[in-house]
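Let me begin by presenting the structure, written as structure tokens, before commenting on it.
As structure tokens, this is what we get:
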């Protein structure tokens, strides 16, 4: 089952004119469809016919380089420096001392009273001298002999080389921490303090002296660094002890607890790596995972390594092939996976020129003003929202309401006396503004009218940093590698999930022969069904007993978007793939149009730009229709109106069945959930799906195998201790 489609691009690019959400140059059909808007779509209708108009938010296009799904744009962290140990007693390295001879800045007052640096102050002090010299002519400045010598020298000099073209953009990347601090950063953890989850798992450390916490933090950060330095090989506890510096390696119990915690929660030893120790031969607990997407496969590999018996049920004929646009920035776990499966990554330029339907590039100066209008519209909408929210909270305060009404009437009179110009936006400006709207609709895979104005960008604070990259050898290499060595039942569609206090049953059918039914019994079920499948009515999968109201309400409140692709394989200009993305209402419209019509319209636009002779027929085309896909029902989640980030947390919560006998102790959770729609900080992304799978694997293992990182209990005299299960 698919749980993930193309991931959103970072929103920090969405309100700028030059870079687009894809962070790649626009070209071909997509560029014309966006910049040309409705006229471009009509122009393309010559070959394809006028069956359905294409809204201005129809598509964005890019030259991809992947052989699968148009390539995947990613980001990767900067190369880490060799490991360096902190001095004893510190959680990280001490701050570096200034380099000898390094530049020092100072602040001084200018004659006008302004503060300026020493470098600028030198310019101020010599200003009068520069002005006096500037008034001298060349004859006054040079002697006759100097002028003659200068002329002879200029004759002998070769002609100056042509000036180097100006840099199109500044592609410098922000500095990222290195060493043990960088390891914590790459693992999405603060290097100098414990997280709330760590505090809950290590109550003895968080309540202990400050020095104990510093020791814990250094062991944690150093262990992360050892793993990130070589994520292709399992990092064992023995190897950690061997490489830890003294005196941190002296407390073997604490090191073992930290190592077990990091491994259990998917911070080390995750993905595809060579095991130093063999898998446990004795299996403890049976888990059924519904769906072989990135989240399901990641969870399956983790649970298998913990010593649990795992079976994955997949309705398709192959494990899910991700077709997402993503990034490998600092802190992204997919950066680790990219090293494990040897992804071929290529950096993508951030410049994003816009083109008219006739192929003419939109001048930059014509674009600069439109983002201001776009930001003004977004800002005004937010202000209007908060105004109404505050109004509802204070509606009983009549005096303030009367004052506000008076101000509004004055503003209306002012606007009536000075009406705005009829030419507020030219047709070209409006097309560019429509592109910004389309860009935002692409990022959220839905028309803007369906988004929550207050919460649509609730995950922005957790965006990663780094450059966008593309995966040349196709992103499908990730699920293929994750699936290796797992027990996966293909062409097996789940129809019913029964969960009780004593265990679970999963009833499935063969998608090729629905009369063939299978029943799988297990201790727990991990559901990674896409949100679109969970929202489907009538339900595609029946839960017995039905899901609780708090879970179904979250499912209904959340949105599941639609983003479709048109891919041209081996088209021209030696580009492996030309890709157009169709978002907003157009994504739904195109699902009712034939492939020939869609491809014909795109080719007509390309021929209008490059000429008919320069645009051959593509060797192959692929048109996606994710909403119509019965195993997906859309692309990825978004925060719909009436929803919030809290719904992602509700989606992640496991479900505990009621007690079999009234008054009996509360049973343990049996039904768990993973997928991009269950992770609040990283929704709608492959790395979010991966992290959710690692999260649930740790939760399930803690529930059925016990937490190996808890503080060992002191044995009571005369009472035999129970041996913990070996993992």
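Numbering (our numbering), first residue to last: 301 to 1027. Beta carbons: idealized from backbone N, C-alpha and C, even for Gly. It should be emphasised that the depicted structure is a prediction, and the values quoted were computed from it without experimental measurement.
Exposure label - residue i; buried when at least 16 CB within 10 Å
i, result
"residue 1008", "buried"
"residue 865", "buried"
"residue 664", "exposed"
"residue 851", "buried"
"residue 481", "buried"
"residue 1034", "The first residue shown for the chain is 301 and the last is 1027, placing residue 1034 beyond what the model contains."
"residue 697", "exposed"
"residue 642", "exposed"
"residue 703", "exposed"
"residue 778", "buried"
"residue 462", "Summary for residue 462: the model assigns pLDDT 49, below 50, so the residue's position carries little reliability; its value from the coordinates is reported in the next sentence. By the 10 Å Cβ count, residue 462 comes out exposed."
"residue 426", "With a pLDDT of 40 at residue 426, under the threshold of 50, the modelled position of this residue cannot be trusted, and the question is left open."
"residue 793", "buried"
"residue 510", "exposed"
"residue 623", "Caution applies to residue 623, whose pLDDT of 47 falls short of 50 and renders its modelled position unreliable; the value that the coordinates give is listed next. With 16 or more Cβ atoms within 10 Å of its Cβ, residue 623 is classed as buried."
"residue 531", "buried"
"residue 1012", "exposed"
"residue 562", "buried"
"residue 575", "exposed"
"residue 493", "exposed"
"residue 964", "exposed"
"residue 812", "exposed"
"residue 610", "buried"
"residue 966", "exposed"
"residue 844", "exposed"
"residue 744", "buried"
"residue 877", "buried"
"residue 486", "buried"
"residue 713", "exposed"
Which residues DSSP lists as bridging residue i, in chain order
i, result
"residue 864", "882"
"residue 826", "589, 972"
"residue 584", "Note: residue 584 sits in no beta bridge, so no partner."
"residue 521", "Note: residue 521 sits in no beta bridge, so no partner."
"residue 805", "798, 821"
"residue 630", "765"
"residue 533", "574"
"residue 843", "797"
"residue 655", "661"
"residue 647", "769"
"residue 609", "586"
"residue 859", "938"
"residue 869", "877, 920"
"residue 751", "940"
"residue 789", "613"
"residue 813", "810"
Distance between beta carbons of residue j and residue i, contact taken as under 8 Å
i, j, result
"residue 840", "residue 972", "19 Å between Cβ atoms; not a contact."
"residue 832", "residue 970", "So it is not a contact: roughly 24 Å between Cβ atoms."
"residue 558", "residue 516", "7 Å"
"residue 732", "residue 654", "7 Å"
"residue 506", "residue 822", "About 35 Å separates the two Cβ atoms, so there is no contact after all."
"residue 994", "residue 808", "Not really, about 25 Å apart at Cβ, beyond 8 Å."
"residue 483", "residue 543", "With 8 Å as the limit, residue 483 and residue 543 do not qualify as a contact, their Cβ atoms being about 13 Å apart."
"residue 619", "residue 855", "Incorrect: roughly 25 Å between the Cβ atoms, too far for contact."
"residue 791", "residue 617", "6 Å"
"residue 604", "residue 786", "7 Å"
"residue 944", "residue 758", "7 Å"
"residue 1001", "residue 601", "At roughly 12 Å, the Cβ-Cβ gap does not stay under 8 Å, so residue 1001 and residue 601 are not in contact."
"residue 591", "residue 828", "4 Å"
"residue 858", "residue 940", "6 Å"
beta-carbon residue i near the ligand GDP non-hydrogen atom, thresh 7 Å
i, result
"residue 612", "What this structure holds is no ligand at all, so the ligand GDP is not there to describe."
Legend entry - Segments assigned beta strand (DSSP E), at least 3 residues, entirely inside the segment 873-955: List check, beta strand (DSSP E) in window: 877-882, 920-923.
Inset, instruction - Would you be able to state if there are at least three C-beta pairs under 8 Å between the segment 633-644 and the segment 563-580? - result: Because the criterion of three Cβ pairs below 8 Å is met, the segment 563-580 and the segment 633-644 touch.
Legend entry - Three CB pairs or more closer than 8 Å across the segment 504-519 and the segment 547-561: Three or more beta-carbon pairs separated by less than 8 Å link the segment 504-519 to the segment 547-561, which places the two stretches in contact.
Inset, instruction - Spell out a yes or no on whether the segment 531-545 and the segment 582-590 are touching, meaning 3 or more CB-CB pairs, one atom from each, closer than 8 Å. - result: Output reads no: the segment 582-590 does not touch the segment 531-545.
Legend entry - Stretch pair the segment 876-891 + the segment 852-864: three plus CB contacts closer than 8 Å: With a cut-off of 8 Å on Cβ pairs, the segment 876-891 is in contact with the segment 852-864, counting three or more such pairs.
Inset, instruction - May I ask you to verify whether the segment 906-921 touches the segment 711-721, counting CB pairs closer than 8 Å and requiring at least 3? - result: Here the segment 906-921 makes no contact with the segment 711-721; the two share fewer than three CB pairs at distances below 8 Å.
Legend entry - Segment contact, 8 Å Cβ cut-off, at least three pairs: the segment 975-984 with the segment 950-960: Below 8 Å, enough C-beta pairs join the segment 975-984 and the segment 950-960 to call them touching: three or more.
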